[in-house]
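In what follows, a structure is listed as structure tokens, so that the remarks can point back to it.
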Amino acid sequence: MIAFTWFPHLDLKCPQNIALPCEESGMGMEIISNMANLLNLTIDVYKEKDENWGSVSEGYNNISWSGVMGLVYNGEFDISMPTFQMSLHRAKNFDFLYPIKSIRIVCLFIQGIQGSGHILLLIEEDQSDVASSFERGI
């Protein structure tokens, strides 16, 4: 698996030599590890050297992905775990898993004195425990 630190989902402790696997932790990695155990797979995690998510270099007609997405697209790695936004173009070239966590964003506007106002942004994470659902066989 190719990745880079995206706390709290994945935290990597990597050796200087990027050709060696990293020690990994984080809630996303716990879910991946549980899935790997159920499928009897072993996963080694390697750090993407430039911490580049990946993009198409010459527009949407050219299929030359860079970064993490390029390493998966070119078959150098089987899977990646960064939190990617699914887009129509990416979905044409990659398979995505369903989200394992959701975030709800709520914007509140408070009208102040003499027309001034403040915006309060609340971010609430879904607290469902997916990892323990795997352990219970749900």
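For the sequence shown, numbering that gives the first Met the number 0 assigns the number 0 to the initial residue and increments by one for each residue that follows. Where is the CB? At the ideal position from N, CA and C, for every residue including glycine.
If you drop the 5 nearest sequence neighbours on each side, which residues of the same chain put their C-beta closer than 7 Å to that of F76?
Only M0, I1 and L70 meet the Cβ criterion.
Candidates I31, N39, L40 and M68: closest to E50 by CA position
For the residues I31, N39, L40 and M68, the minimum Cα distance to E50 belongs to M68.
Residue interval of the beta strand (DSSP E) (run including S65):
Bounds of any beta strand (DSSP E) do not take in S65, whose DSSP letter is neither H nor E.
What residue range does the beta strand (DSSP E) around L11 cover?
Taken as a continuous stretch (DSSP letters only), the beta strand (DSSP E) holding L11 covers D10 to K12.
Could you spell out the range, first to last residue, of the beta strand (DSSP E) harbouring E22?
For E22, the uninterrupted beta strand (DSSP E) run begins and ends at E22 to S24, by DSSP.
Best match in W52, V44 and W64 for proximity to P20 [C-alpha to C-alpha]
Out of W52, V44 and W64, V44 has the C-alpha closest to the C-alpha of P20.
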